[in-house]
Amino acid sequence: MIETSWLLIAFPAFGALVLLAGGRRTDAWGHWLGCATVIASFVYGLILFLSSDGSTQDTTVFSWIPVSDLQVEFGLRIDALSLAFVLLITGVGSLIHIYATGYMADDPGRRRFFGYFNLFVAAMLILVLGNGFVTLYLGWEGVGLASYLLIGWYQNKPAAATAAKKAFVMNRVGDVGLALAIFLMWSHIGSTQYSEVFAGIGQVDQNVVLAIGLLLLLGACGKSGQFPLQAWLPDAMEGPTPVSALIHAATMVTAGVYLVARSSPIYNANPDAQLAVALVGAFTLLLGAIIGCAYDDIKKVLAYSTVSQIGYMMLAVGLGPFGYALGIMHLLTHGFFKAGLFLGAGSVSHGMHGELDIRRMGGLWRKMPITFVTFGLGYLALIGFPFTAGYFSKDAIIAAAFGQEGWRGWVFGGAALLGAGITAFYMTRLVLMTFFGKARWQELKTADGKEYHPHESPPVMTVPMILLAVGSVGAGAFLALGDTLAEWLTPSVGALQESHGGVIGHSLVPFLVVGISAVGVLLAWLFVGRKDVPVERPQQVSAVVRAARADLYGNALNEALFARPGIWLSRALVFVDNRGVDGLVNGLAALLGGSSGRLRRLQTGFVRSYALTMLIGGFALVGALLMVRFG
Amino acid sequence: MTWLLALILLPLIGSAAVAVLRHNRRVAKLTAFAFSLVTLAMVVPLWLSYDPDGERLQQTTSIDWIPAWGIHISFGVDGIALVMIAVIAVLVPMIVLLFGITDKLPRGRTPGGFLSLILLEQSLTIAVFAATDVFLFYVLFEVMLVPMYFLIGNYGGSNRQYAAVKFFLYSFLGGLIMLAAAIGAYSVAADELGQGTFDWQTLSQAVSQAPLETQTWLFLGFFVAFAVKAPLVPFHTWLPDAAGQAPIGVTVLLVGVLDKVGTFGFLRYSLPMFPDASAELAPLVLVLGVAGILYASIVAAGQTDMKRFVAYVSIAHFGFIALGIFAFTEQAQVGSVTYMLNHSLATGMLIFVLGMVIARGGSTQIPDYGGMSKVTPLLAGFLLVAGLSTMSLPGTNAFVSEFLVLLGSFAAQPVYATLATIGMILAAIYVLWLYQRIMQGPVRGDALVGAGGGPGTAQAPATAARRAIKDVGSRELFVLVPLVALIIGLGVYPKPVLDTVTPSVQPTVSVGEGR
């Protein structure tokens with residue numbers, strides 16, 4: 001069984017190859033092949049899951065980069081953690097693939113789209129299944145490529161092209177962190193395979209462990225849109241909505257959480273590195289939630305919500321043994337409800353002629369009942385309505401955060417609790433403005449001057465939404481009750497520790513969360529529910545709102561610190577290179593030659609004949625010498 | 001007759017044959033293509049008969065040339081030379097095949113002359129990698145410039161004369177300094193052995209025992225020649241001019257293969273002959289290497305000419321190769337050798353694809369293009385693959401080598417290696433920005449929509465017809481598909497190459513480690 005686990009990757013990789021190399025011949029059935037390969041992987045993953053007890057099994061497929069002591073193998077690790085991810089990626093992936101056959105039906109490039117989509121699934125599976133950091137890196141940059149291709153899907157639109165490039169470059173910054181961490185492992189432990197790195201991490205100097213932990217965190221921040229590398233993720237919404245659902249909500253962006261959980265032996269060995277993870281998570285969850293309140297673009301709100309929710313996951317895995325399993329649990333439930341929300345958003349914009357501005361919507365629940373109900377269930381799960389998925393997974397993180405001692409308990413718990421309130425606010429605002437209130441679209445025209453005719457999407461789109469909605473409601477109870485997931489994950493990340501004490505007791509937390517969420521919902525209703533919403537966004541707003549609308553100046557900072565100075569530097573160096581370095585050499589030559597005029601004459605006239613003479617002379621010399629030799 | 005000798009002589013004979021047949025264009029082209037294919041086929045037995053764990057130099061032949069000075073015409077290969085010879089043999093048939101598509105001759109030139117020079121250059125380049133006599137190496141190093149000089153000067157762009165002369169002078173003067181150093185080494189060996197020799201193995205054994213000061217001077221002499229050839233900043237300014245003016249096929253040969261003689265020279269000559277000086281002066285080379293990576297990457301990002309862009313990208317890559325060689329670890333040096341191979345394939349493909357873009361648009365200026373993926377989606381895909389390999393994406397061949405260089409040099413020189421990783425980010429920026437400017441966005445640019453026309457503006461019928469741009473044709477596919485297969489194949493399964501190269505690198509590394 002385990003020896004053939006590479007088939008998991010091979011199915012979608014084969015699909016990508018056929019669809020991308022097959023060209024137009026495969027147009028007619030390409031999207032079905034794309035779905036079939038992912039479903040095949042899902043079925044195979046399910047069989048593996050059912051036959052596994054979660055213990056770690058490594059298998060080598062082939063030797064990848066062997067140079068004497070360095071033995072990088074292409075190998076797979078089948079264990080509780082990777083199997084959980086396999087099921088998420090291929091399960092949610094299958095649903096989104098099926099949805100996309102409908103969503104992309106009118107796109108002439110649909111076959112190529114499924115080629116990229118399959119490429120993504122293959123790379124993502126390499127990422128989670130690899131048994132060493134280099135294999136992880138292969139998948140890591142592979143999903144980055146797929147993400148680049150799909151964000152830039154509408155590549156003749158400048159904004160999409162720029163967003164794609166931005167995503168890749170910011171990810172590369174994180175990737176450098178990951179690469180440096182790998183180099184440190186090689187130079188201090190002498191291997192890059194998980195088994196040897198984790199076995200040897202105990203003997204390594206603490207400062208090196210800290211450095212490895214922080215560098216891995218940098219990589220995680222890049223991929224997962226965490227501070228300070230969060231700015232690319234909202235721009236990534238330029239891609240088609242199935243892409244946002246699969247890549248930029250459910251799977252790829254959670255890879256950073258996977259990385260930290262996978263590297264748990266490294267983080268367990270150094271509390272400072274762990275603390276850094278938790279701090280990044282706590283900060284980002286607030287940052288994302290605050291900005292999420294200010295946007296009117298349905299996908300951007302969800303994107304910042306993703307930033308914020310991944311912040312929760314990072315906070316959880318930053319709590320070490322108290323949180324690894326909780327972070328993964330929230331990752332899985334988030335995979336369901338956020339994917340469902342994005343598919344719902346896609347369904348809304350599909351029915352609204354591609355409109356994304358919620359100020360131009362309103363009252364859509366009558367027109368799109370299935371979308372409304374499924375979106376609504378995802379919404380309830382996200383804000384942690386009692387007994388939905390988020391209630392179990394998010395509350396557990398908040399409780400664990402409050403379970404920390406001293407200032408950590410207050411800071412992490414406080415941030416997580418406050419974040420829950422803000423989440424309830426921006427999500428309620430989103431739902432109210434989209435589905436309730438006055439139907440503002442009736443008096444508006446689309447960008448190309450047509451009337452809006454909102455309508456429900458076809459079953460090929462709504463069925464996946466319904467299934468994900470079921471998951472949004474049920475996944476939390478399924479995973480959390482009886483500690484099902486925590487026990488399953490124990491072989492991979494260690495047993496989940498329950499904190500005793502902390503700053504606020506476990507039993508009190510659900511009441512606090514529900515209370516503050518209710519406040520958030522109420523505030524949202526006061527702002528956008530009880531009165532009409534203007535179609536134009538108000539310009540007279542407080543400094544806080546202005547800052548939130550400007551992404552808390554994250555982009556402006558990048559622009560001022562890196563982009564603009566970079567362009568100046570590039571221009572300056574091009575100038576120097578053309579004039580300075582070259583001029584120096586030419587000047588030197590002119591000096592030696594007496595005058596530049598003489599040099600020019602030399603250049604155009606004599607050297608040519610000189611070279612020719614040399615060639616003839618060379619051959620004559622060789623000939624003469626050979627004659628002497630053999631004569 | 002060894003396979004190696006056959007590989008050197010075949011293109012030489014081919015060159016002569018094409019020169020004789022140059023009056024019939026068709027026959028000349030077919031002859032050139034046939035010879036280049038047979039040469040490529042010869043690589044197979046050469047590779048198969050090479051035993052990585054056998055003698056340091058294999059397939060050796062030697063005849064006396066100037067016995068009085070101990071000069072021989074002797075050839076042989078190690079794993080390093082082998083991969084370089086293989087990649088030349090792969091690229092030349094592609095250059096010949098694309099001749100007429102990406103390379104259009106200036107008025108009054110025949111294809112026969114061009115192709116004859118290409119084959120001559122191929123023979124000389126294989127010979128320079130195979131030479132095992134230091135004097136022979138020097139002679140070939142200089143003679144190799146001559147066909148290249150004519151290829152640039154006769155067949156290049158509008159400013160070709162200037163570029164050709166600059167190329168020639170830089171390399172030639174660098175070579176002369178090397179000659180002086182080679183003669184110096186000869187006399188050192190003569191003192192030591194009582195009899196002078198230019199035989200590489202004997203000479204390097206003798207010279208490597210010399211005192212540090214002597215070694216340092218001799219090292220610097222060779223260094224100048226190699227640093228010009230594999231242009232390290234600040235010896236690099238001839239390359240953008242030469243690459244910018246040369247025809248596409250010649251640029252491939254120049255950037256893809258010829259320049260590797262410089263980095264090859266570091267490995268084959270500088271390190272074994274002057275081990276103490278190499279270790280002593282390594283920081284100098286490391287500084288130049290890392291500075292080159294950062295400097296050339298930033299300058300590449302600011303280029304507006306595609307061919308100059310490729311030149312600066314290559315200069316950055318040569319920085320990586322130099323870093324790996326002078327880090328003195330096995331992984332880094334194996335990385336550098338495979339970098340030489342992979343850079344030839346990746347950059348070769350990049351130049352080919354940009355040549356196809358230029359052939360369609362009639363301009364080398366990036367601002368003359370935009371949104372081309374809409375017109376030529378397949379060509380856009382190939383440009384992206386070449387670009388991804390250029391930025392060392394895992395899964396492509398270039399990743400393996402860049403990873404090895406950085407990993408290996410990090411273990412010995414963490415500061416330099418860390419600085420060099422910034423080059424990874426810069427590579428993503430310059431590649432994706434190039435791709436965006438040429439291929440993405442709305443269709444625009446003089447080269448695509450005709451002068452004066454903006455996107456969406458009505459075109460005069462004549463202009464529109466003139467701009468009927470087609471996607472990749474079958475002859476182009478014959479070149480690009482094998483390159484893609486090699487790029488991905490060597491990225492997924494590089495073991496055969498690594499196993500061939502590793503034993504050849506080991507003696508060089510131990511030289512550096514022992515000091």
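Chains as they are written, first to last, in the UniProt record's numbering: chain E, 1 to 631; chain L, 1 to 515. By construction, the Cβ of each residue, glycine as well, lies at the ideal position given by its N, Cα and C atoms.
If you follow the alpha helix (DSSP H) that residue 115 (chain E) is part of, which residue opens it and which one closes it?
110–129
Please return the same chain residues whose Cβ sits closer than 8 angstroms to the Cβ of residue 170 (chain E), not counting the five positions on each side in sequence.
222, 229, 231 and 232
Taking 9 angstroms as the CB-CB limit, is residue 226 (chain E) close to chain L?
no
Excluding five sequence neighbours on each side, which residues of the same chain lie with their C-beta closer than 6 angstroms to the C-beta of residue 102 (chain E)?
458, 460 and 461
Does chain L have any CB closer than 9 angstroms to the CB of residue 164 (chain E)?
yes
Interface flag, residue 63 (chain E) vs chain L, CB-CB below 9 angstroms:
yes
Counterpart residues of residue 107 (chain E) in DSSP-defined beta bridges
According to DSSP, which records beta bridges pairwise, residue 107 (chain E) is partnered with nothing at all.
Give a yes or no on whether the minimum CB-CB distance between residue 493 (chain L) and chain E is below 9 angstroms.
yes
Between the CA atoms of residue 121 (chain L) and residue 244 (chain E) - distance to the nearest angstrom:
Answer to the nearest angstrom: the Cα atoms are 52 angstroms apart.
Environment of residue 464 (chain E) [buried if 16+ CB atoms lie within 10 Å]:
buried
Output yes or no for whether 9 angstroms exceeds the beta carbon distance between residue 304 (chain E) and residue 289 (chain E).
yes
Counting only the same chain and skipping the five closest in sequence on each side, list residues whose C-beta sits under 7 angstroms from that of residue 558 (chain E).
231
If contacts are defined as beta-carbon pairs under 8 angstroms, then residue 516 (chain E) and residue 420 (chain E) qualify, I think. What distance do you get, rounded to the angstrom?
6 angstroms
Please report the residue range of the beta strand (DSSP E) in which residue 58 (chain L) lies.
Unbroken beta strand (DSSP E) run through residue 58 (chain L): 58–66.
Coil, strand or helix - residue 235 (chain E) by DSSP
Correct three-state label for residue 235 (chain E): helix.
Rounded to whole angstroms, how far is the Cβ of residue 345 (chain L) from the Cβ of residue 487 (chain L), which I believe are closer than 8 angstroms?
6 angstroms
Would you mind reading off the limits of the beta strand (DSSP E) that contains residue 66 (chain E)?
57–67
Got a sec? Which residues, its chain only, sit under 7 angstroms from residue 42 (chain E) by beta carbon, not counting five neighbours each side?
90, 91 and 94
Buried or exposed: where does residue 470 (chain L) fall if 16 or more other Cβ atoms within 10 Å of its Cβ makes it buried?
exposed
Between the Cα of residue 205 (chain L) and the Cα atoms of L:216, L:213 and L:193, which residue gives the shortest distance?
L:193
For residue 215 (chain E), which option in E:59, E:377 and E:172 has the closest C-alpha, if you only look at C-alpha atoms?
Cα-wise, what sits closest to residue 215 (chain E) is E:172.
Alpha-carbon to alpha-carbon, residue 83 (chain E) and residue 50 (chain E)
If you take the alpha carbons of residue 50 (chain E) and residue 83 (chain E), they lie about 10 angstroms apart.
Between residue 84 (chain L) and residue 502 (chain L), what straight-line distance do the alpha-carbon atoms span, to the nearest angstrom?
14 angstroms
Along chain L, which residues have their Cβ under 7 angstroms away from the Cβ of residue 571 (chain E)?
302
With a threshold of 9 angstroms between beta-carbons, can residue 229 (chain L) be considered close to chain E, or not?
no
9 angstroms is my cut-off, CB to CB: does residue 411 (chain L) come that close to chain E?
yes
Please specify which runs of the alpha helix (DSSP H), each continuous and at least 4 residues long, are wholly inside the stretch 179–219 of chain E, giving them in chain order.
194–200
Would you call residue 465 (chain L) buried or exposed, if buried means 16 or more other Cβ atoms sit within 10 Å of its Cβ?
Legend: pLDDT at residue 465 (chain L) = 39, less than 50; position of this residue unreliable, value from coordinates given subsequently. Classification of residue 465 (chain L): exposed, given that the 10 Å Cβ count is below 16.
Given that residue 68 (chain E) touches chain L, what residues does it touch there, using C-beta distances under 9 angstroms?
330, 331, 334, 502 and 506
If you run the structure through DSSP and keep just helix, strand and coil, what is residue 262 (chain E)?
Reduced to three states, the DSSP call for residue 262 (chain E) is helix.
Which residues in the same chain as residue 320 (chain E) place their Cβ atom closer than 7 angstroms to its Cβ, once the five residues preceding and following it in sequence are excluded?
Around residue 320 (chain E), the same chain offers 267, 268 and 274 as residues with beta carbons nearer than 7 angstroms, after the five sequence neighbours per side are excluded.
For my contact list, residue 138 (chain E) and residue 77 (chain E) are in at a C-beta cut-off of 8 angstroms; report their separation, rounded to the angstrom.
Not a contact, Cβ separation roughly 14 angstroms.
Are residue 359 (chain E) and residue 533 (chain E) closer than 9 angstroms when you measure CB to CB?
Yes, Cβ-Cβ distance for residue 359 (chain E) and residue 533 (chain E) is below 9 angstroms.
Residue 50 (chain E): beta carbon under 8 angstroms from a heavy atom of the ligand NAP?
The ligand NAP is not part of this structure, which contains no ligands at all.
Can you tell which of L:444, L:479 and L:420 has its C-alpha closest to the C-alpha of residue 351 (chain L)?
It is L:479 whose Cα lies nearest to the Cα of residue 351 (chain L).
Around the C-beta of residue 51 (chain L), are 16 or more other C-beta atoms found within 10 angstroms, so that it is buried, or is it exposed?
exposed
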